[in-house]
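Inspection log for the structure reproduced underneath, given as structure tokens.
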Amino acid sequence: MSEFIIRGGNRLTGSIKVQGAKNSVLPILAATLLTNETCVIHNCPRLSDVDISVQILRHLGCQVAREGNTVTVEGSGVCRGDVPEQLMRKMRSSIVFLGAIIGRTGMARMSAPGGCELGNRPIDLHMAALRRLGVNVDETGGFINCCCSRPRGCEITLGFPSVGATENIMLTASLASGRTVVRNAAREPEICDLAEFINKMGGRISGAGESTVAIEGVPCLHGCEHTVIPDRIVSATIMSAAAVTNGDVELTNMRPEHVSPIITALEEMGCSVTGGDTWCRIKAPERLAPACTVRTMPYPGFPTDAQAPLMAVAAVANGTTVFIESIFDSRYKHVAELNRLGAKISTDGRTAVVCGVSRLTGAAVESTDLRGGAALVVAGLNAYGETRVGNICHIDRGYEFFEKQISLLGGDIVRV
Ligand code: EPZ
Numbered sequence: 000m001s002e003f004i005i006r007g008g009n010r011l012t013g014s015i016k017v018q019g020a021k022n023s024v025l026p027i028l029a030a031t032l033l034t035n036e037t038c039v040i041h042n043c044p045r046l047s048d049v050d051i052s053v054q055i056l057r058h059l060g061c062q063v064a065r066e067g068n069t070v071t072v073e074g075s076g077v078c079r080g081d082v083p084e085q086l087m088r089k090m091r092s093s094i095v096f097l098g099a100i101i102g103r104t105g106m107a108r109m110s111a112p113g114g115c116e117l118g119n120r121p122i123d124l125h126m127a128a129l130r131r132l133g134v135n136v137d138e139t140g141g142f143i144n145c146c147c148s149r150p151r152g153c154e155i156t157l158g159f160p161s162v163g164a165t166e167n168i169m170l171t172a173s174l175a176s177g178r179t180v181v182r183n184a185a186r187e188p189e190i191c192d193l194a195e196f197i198n199k200m201g202g203r204i205s206g207a208g209e210s211t212v213a214i215e216g217v218p219c220l221h222g223c224e225h226t227v228i229p230d231r232i233v234s235a236t237i238m239s240a241a242a243v244t245n246g247d248v249e250l251t252n253m254r255p256e257h258v259s260p261i262i263t264a265l266e267e268m269g270c271s272v273t274g275g276d277t278w279c280r281i282k283a284p285e286r287l288a289p290a291c292t293v294r295t296m297p298y299p300g301f302p303t304d305a306q307a308p309l310m311a312v313a314a315v316a317n318g319t320t321v322f323i324e325s326i327f328d329s330r331y332k333h334v335a336e337l338n339r340l341g342a343k344i345s346t347d348g349r350t351a352v353v354c355g356v357s358r359l360t361g362a363a364v365e366s367t368d369l370r371g372g373a374a375l376v377v378a379g380l381n382a383y384g385e386t387r388v389g390n391i392c393h394i395d396r397g398y399e400f401f402e403k404q405i406s407l408l409g410g411d412i413v414r415v
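If you're matching positions, the sequence shown starts at 0 in numbering that gives the first Met the number 0 and goes up one per residue.
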């Protein structure tokens, strides 16, 4: 299994272009199923999760071509509605294909995505919404079987502003008969990006980014061209790496407004952050102060995906930072690995208390999940000596050429 070998202590300096957003491009790739015409998607990051999505599209009958960060999908050949179990198992977020497949073919079969390293990942909100849209949903034997001649618009109130459920509703309702109104919808930037993509296809979605989203069903959708928004969690991760190395890093092709809670926390810790609409520059102090309590919340609150990278920053602050993980019930698996690097972190349920130390010490650690793995890299960039991060397949799911990006900024990291 590949691993990263990191020698900590180098200051990160220089400028880096942030990749396109994984959590935006995945539902957008699913949305290409809603037309039999050609869609061209730019700023698509080269990630294993994108590879799996392309495999799903090809399995369903699409022609998919990739050239650098551009993906072209031609969907006239879509001829089936089943997603193979081995692909579902590889990527939990394949569930977002469900709505698009139903919208295109009127049927869908896939294995339940199951839990993941973040704990229980139910899909009850997805299933309830599909049933309200008139989809016949059968969940037996670990499989989801759906059929529906044509979804019909309705009123849906989500019990939790689920990102995936909001996306599945948008994907199913775009070709439905009538109007769908979603209340307590997710407000993440990725929701806005998906709505913009579908509207470019001829869809009629309004209110994306707010708690109430309206989708007017249309008879058909056409091809389009789109550039994916920057990845706000990758931005947060790079800023965290700069913070723990007394760094001075400029991030381009990113949206500071999408990471404002992270900027607030880093400024509390003594970093200075300046910037414009599509870039920012972070300068870190020699010694960080602790942050105020970090409570993860749905957007526009502090994003759960940035909790682990920021915890690596708090691990070397001059004081104590408290984290409260409100979104997932088991998202502290990286804590034990950070403690192997000399961090002093204790957890109790959804609360983690991080007592900062002056500097971490290199060791062999294992990535537990995508963002936990990225946090270990951030920590290794600070640590004395050598840190070996194993199981980096998790990291490759969401970070494009991560070691090359960090090396460009002066970090001592190699993939072996
Ligand atoms: C998306 O996952 C992201 N993944 C996650 O990023 C992110 O952490 C999450 O949103 C929250 O922002 C993608 O976009 C591919 P949710 P998703 O539905 O859609 C509960 C990463 O690291 N819930 O908003 O699965 C659920 O258990 C990944 O890039 C239900 O109870 O998240 C969780 O506690 C990790 N029933 C909470 O809602 C449901 O039917 C948030 O889940 C659905 C969700």
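Virtual Cβ for every residue (Gly too), placed ideally from N, Cα, C. Computed from a predicted model, the values in this text were never measured in an experiment.
For this session: Determine the contact status of Thr-386 and Ile-5, defining contact as a CB-CB distance below 7 Å.
Result: Position 387 of the sequence shown, counted from the start, is the residue given in the question as residue 386. Position 6 of the sequence shown, counted from the start, is the residue given in the question as residue 5. Yes, the pair counts as a contact, with Cβ atoms nearer than the cut-off.
Problem set entry | Same chain, Cβ closer than 6 Å to Ala-307, five either side skipped, listed in chain order | Residue mapping note: residue 307 aligns to position 308 of the sequence shown, counting from 1. Result list for Ala-307: His-333, Arg-370, Gly-371 and Ala-374, in chain order.
For this session: Using 6 Å as the cut-off, classify the Cβ of Ala-316 as near or not near the heavy atoms of ligand 1, replying yes or no.
Result: Residue mapping note: residue 316 aligns to position 317 of the sequence shown, counting from 1. Flag unset: Cβ of Ala-316 not near ligand 1.
For this session: Could you give the DSSP three-state label for Ser-272: helix, strand or coil?
Result: Taking the first residue of the sequence shown as 1, we reach residue 272 at position 273. Checking the displayed sequence, the identity of residue 272 turns out to be Val instead of Ser. Strand, per DSSP.
For this session: List the residues that DSSP assigns as beta-bridge partners of Gln-62.
Result: For the purposes of this step, residue 62 is taken as residue 63 along the sequence shown, with counting starting at 1. Answer is Glu-73.
Exercise. Just the Cα atoms here: how many angstroms apart are Leu-129 and Val-315?
Worked result: As a working note, residue 129 is residue 130 in the sequence shown. As a working note, residue 315 is residue 316 in the sequence shown. Their backbone Cα atoms lie some 46 Å apart in a straight line.
Exercise. Any C-beta of chain C sitting closer than 7 Å to the C-beta of Gly-274?
Worked result: Among the chains in the structure shown there is no chain C, since it carries only a single protein chain.
Exercise. Where does Met-87 sit, in a helix, a strand or coil, going by DSSP?
Worked result: If you number the sequence shown from 1, residue 87 lands on position 88. Helix at Met-87.
Exercise. Looking at C-beta atoms only, is the number of pairs between the region 390-397 and the region 8-16 that lie closer than 8 Å three or more?
Worked result: no
For this session: Flag this pair as yes or no: are the beta carbons of Lys-16 and Leu-46 separated by less than 7 Å?
Result: In the sequence shown, counting from the first residue as 1, residue 16 sits at position 17. In the sequence shown, counting from the first residue as 1, residue 46 sits at position 47. Contact flag unset, no.
Problem set entry | Residue range of the alpha helix (DSSP H) that includes Ser-259 | Taking the sequence shown and counting its residues from 1, the one referred to as residue 259 is at position 260. Ser-259 -> alpha helix (DSSP H) spans 259-267.
Exercise. Are the beta-carbon atoms belonging to Ile-292 and Val-258 less than 7 Å from one another?
Worked result: For the purposes of this step, residue 292 is taken as residue 293 along the sequence shown, with counting starting at 1. For the purposes of this step, residue 258 is taken as residue 259 along the sequence shown, with counting starting at 1. The displayed chain sequence assigns Thr, not Ile, to residue 292. Taking 7 Å as the Cβ cut-off, Thr-292 and Val-258 do not qualify as a contacting pair.
For this session: Please confirm if the region 22-36 is in contact with the region 250-270, defined as three or more CB-CB distances below 8 Å between the two stretches.
Result: no
Problem set entry | Neighbourhood of Pro-63 by C-beta, 6 Å cutoff - its chain only, sequence neighbours within 5 removed | The count along the sequence shown starts at 1 and reaches residue 63 at position 64. Note that residue 63 corresponds to Val in the displayed sequence, not to Pro. These residues qualify, in order along the chain: Val-53, Leu-56, Arg-57 and Val-72.
Exercise. If we count the other Cβ atoms within 10 Å of its Cβ and call it buried at 16 or more, is Arg-330 buried or exposed?
Worked result: Walking along the sequence shown from the start, residue 330 turns up at place 331. Counting Cβ neighbours within 10 Å, Arg-330 comes out buried, since at least 16 surround it.
Problem set entry | contact_flag[the region 193-202, the region 144-158] where n(CB pairs < 8 Å) is 3 or more | no
For this session: Note down, in chain order, each residue of its chain lying with its Cβ closer than 8 Å to the Cβ of Met-126, except the 5 sequence neighbours on either side.
Result: Counted from its first residue, the sequence shown places residue 126 at position 127. Once the five neighbours on either side are set aside, the close Cβ partners of Met-126 are Val-136, Glu-138 and Ile-143.
Exercise. Do you know whose CA, among Asn-35, Ser-23 and Leu-33, lies nearest His-41's CA?
Worked result: Here residue 41 corresponds to residue number 42 of the sequence shown, with the count starting at 1. Selected option, being the one with the closest Cα: Ser-23.
Problem set entry | Residues that DSSP places opposite Val-364 in a beta bridge | As a position in the sequence shown, residue 364 is number 365, starting the count at 1. Looking at the DSSP assignment, Val-364 forms a beta bridge with Val-388.
Problem set entry | Counted within 10 angstroms of its Cβ, other Cβ atoms place Ser-1 as buried (16 or more) or exposed | Within the sequence shown, residue 1 is the residue found at index 2, counting from 1. Ser-1 comes out exposed.
For this session: In angstroms with no decimal places, state the Cα-to-Cα distance between Thr-211 and Ile-204.
Result: Position 212 of the sequence shown, counted from the start, is the residue given in the question as residue 211. Position 205 of the sequence shown, counted from the start, is the residue given in the question as residue 204. Approximately 11 Å, taken between the alpha carbons.
For this session: Using only the heavy atoms of ligand 1, determine whether one of them is closer than 6 Å to the beta carbon of Asp-304.
Result: Here the question's residue 304 lines up with position 305 in the sequence shown. Because some heavy atom of ligand 1 lies under 6 Å away, the Cβ of Asp-304 counts as near it: yes.
For this session: Look up Val-334 in the DSSP assignment and say whether it is helix, strand or coil.
Result: Residue numbering aside, residue 334 sits at position 335 when the sequence shown is read from its first letter. Three-state result, Val-334: helix.
For this session: Identify, in the order they occur along the chain, each residue of the same chain with its Cβ nearer than 7 Å to the Cβ of Asn-381, setting aside the five sequence neighbours on each side.
Result: Position 382 of the sequence shown holds residue 381. Closer than 7 Å at Cβ, skipping near neighbours: Gly-7, Val-243, Thr-244, Val-315, Arg-358 and Leu-359.
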